[in-house]
Amino acid sequence: MLPFSLKVAWFVLSVTGLVGCWVVLMIFAKVVGSMWLPLLYCLGVTLLQVIFCLGMIWHMDPFLMPKAFCIPQTVMFSFGSFLLTGVTAAFTFSTARTILRRTHNPSLPNSALAYQHIYLIPVAVFPIVASACQITAVVKLDAARPSDDMHCDAQPIWVRFLGYAGVSVAVSIPCFFVAAFTAWKLIKAHNDSQRSHRRYGNASNMCSLPPLQEQPLKCGEPPDYQSDIHTEPSSATSPGLSMSTLQAHNRTALSPDMSAQRFHLPSEEPLALQAWIASSDSPTARGDDLYEPGTPTSFIFPRFASPSQVSSAKDSWAAFTENDDRRAMPDDLSDSDAVSSLRWARDKDLASVTTEIGKELDERHPNSTRLDRNGQPRQPRSNSPLNLTPAIWRLVLFQMAFFSVEILAALSTVIDITAHNGKPSPFGTQHVALILAAWGPCVIFGHTPAIRSRLMFWR
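For the sequence shown, the UniProt record's numbering assigns the number 1 to the initial residue and increments by one for each residue that follows.
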């Protein structure tokens, strides 16, 4: 006979595991946005644990249990096993279907576990048909007999192969390989994404406003014109053109056609742009860009004034530098003034600062939403690493673990049949599998960040 202390310990583990299973899976159902599969699993676990714990009325001694209770206990153990196997199989096929359709973006959408009529086969048809066959064998063979165990079970031992030790295992083995294939697809997609990410670099480091490149000398320009006028800002030179340069070179203004044709594409060297942004914050590098919001990768190059307008421009520039602390252009600097068109947009400086702040907020708050220039939610980069949601990894791990537990439950029966034991083992692997079926969701899903944060409600 098994010691009563072991029976009490199994009773406590069964009750606490049942409560924990309901709490964790209900939170998990809210996280993934689907209730029916977690609810059915909880019902199957409840059926197993309740019918097992009711045996404590007779001190979990099958010889004290009446036959009116022993037959339902034997049948319910198998039916609960069939139901859990069917529900987990539906989990498996639903997850595999989602991963195969979203190999390149394997995040868990709300519809990943959505109900479909095809799932009635594993969660309804299979348990009912398998239970009907097992009930027929138990009743005709009078197989519900007491033995040295914690609960009533079928005897002769081979009848158990019609229940949890045979039919459930036959369904669990192919489902285990499907879950393993799903895990392999996830790992393969993740590795491919990492290789692509290392090859092409992180798209978040790309800037839409790279440093301006020096333009080649155009036909008709004097040889000394290029050496004095640069369009690439740096920390050593001011964005604005000095008055001495304008006076030294009595040049005519650039034509609108030529200035409109000077543009450049994004560069892959963001460090130069960062240095330029840092230098633009100095007192000698403050001003405005001419920036067109509709074309974020293009610049309109400055047009220079004729010599007759230099003196008026000098006065306007002096007024601008005096009001530099207010960072506002003076009223006397009109749009018609040619030199006033040489402005560096302050909104770009604000945009760069906003970008850095947004980056820090994203690091502190991963669930925050980034907004673009127009106030619209910013879309994630297409070539960033895959965001493999912890929930879907845990779901695949749970499937493989459950089917392993189903195989474990049949191990003692296989050993007894192979060893030609006339009586079953008093304590076998099926008792361990009973507890693991309840505690498995708590162990696997309980560490998911979204679930753990809800469980620790006092923090």
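A virtual CB, placed ideally from N, CA and C, is assigned to each residue, including glycine.
At the C-beta level, residue 38 and residue 86 stay beyond 7 Å of one another. Rounded to the nearest whole angstrom, the C-alpha separation of residue 176 and residue 399 is 7 Å. Contact check for residue 450 against residue 31 passes: the beta carbons are separated by less than 7 Å. Only residues of its own chain outside the window of five on either side were considered, and among them 55, 58, 146 and 152 have a CB closer than 7 Å to the CB of residue 65, listed in chain order. Per the DSSP secondary-structure output, residue 170 pairs with nothing in a beta bridge. Per DSSP, residue 53 is one residue of the alpha helix (DSSP H) stretching across 36 to 53. Assignment of beta-bridge partners to residue 416 by DSSP yields no partner.
Taking the C-beta atoms as reference points, residue 159 is found nearer than 7 Å to residue 143. The straight-line gap separating the alpha-carbon atoms of residue 415 and residue 16 is approximately 30 Å. In chain order, 80, 83, 84 and 87 place their CB closer than 7 Å to the CB of residue 44, counting only its own chain and leaving out the 5 sequence neighbours on each side.
Assigned with DSSP and collapsed to three states, residue 153 falls in strand. If you draw a straight line from the Cα of residue 97 to the Cα of residue 91, it comes to about 10 Å. Excluding residues up to 5 positions away in sequence, 42 lie with their Cβ nearer than 6 Å to the Cβ of residue 22 in the same chain. DSSP, read as helix, strand or coil, puts residue 144 in strand. Rounded to whole angstroms, the separation of the alpha carbons of residue 195 and residue 19 is 44 Å. Residue 56: not part of any alpha helix (DSSP H); DSSP gives it neither H nor E. Relative to the Cα of residue 397, the nearest Cα in the group 9, 183, 162 and 131 belongs to 183. By the C-beta density criterion, residue 418 is exposed, having fewer than 16 other C-beta atoms within 10 angstroms. Annotated three-state conformation of residue 448 is coil, per DSSP. Under the criterion of beta carbons closer than 8 Å, residue 430 and residue 401 do not qualify as touching, at roughly 17 Å. A residue is called buried when at least 16 other Cβ atoms come within 10 angstroms of its Cβ; residue 136 does not meet this threshold and is exposed. In this model, residue 2 and residue 11 are separated by some 14 Å (Cα to Cα). Taking residue 73 as reference, the option from 412, 168 and 150 with the minimal CA-CA separation is 150.
Boundaries for residue 457: no alpha helix (DSSP H) harbours it, and the DSSP string shows neither H nor E there.
Residue 427 sits in coil when the DSSP states are folded into three classes, being neither helix nor strand.
If you look at residue 65, you'll find it isn't in any alpha helix (DSSP H); DSSP assigns it neither H nor E.
Of the residues 405, 403, 128 and 178, the one whose Cα lies closest to the Cα of residue 162 is 128.
The beta-carbon distance between residue 75 and residue 134, rounded to whole angstroms, is 7 Å. This is short enough to meet the 8 Å contact definition.
In chain order, 81, 82, 85 and 406 place their CB closer than 7 Å to the CB of residue 168, counting only its own chain and leaving out the 5 sequence neighbours on each side.
Pairing residue 114 with residue 5 gives a Cβ-Cβ distance that is not under 7 Å. With 16 or more other Cβ atoms inside 10 Å of its own Cβ, residue 27 counts as buried. Residue 18: member of the alpha helix (DSSP H) spanning 4 to 32, first to last residue. Residues 176 of the same chain have their beta carbon placed closer than 8 Å to that of residue 404, with the five preceding and five following residues left out of the count. Considering only 456, 448 and 438, the residue with the shortest C-alpha distance to residue 14 is 438. Within a 10 Å sphere around the beta-carbon of residue 116 sit fewer than 16 other beta-carbons, which makes this residue exposed.
Only exposed fits residue 100, as fewer than 16 other CB atoms lie within 10 angstroms of its CB.
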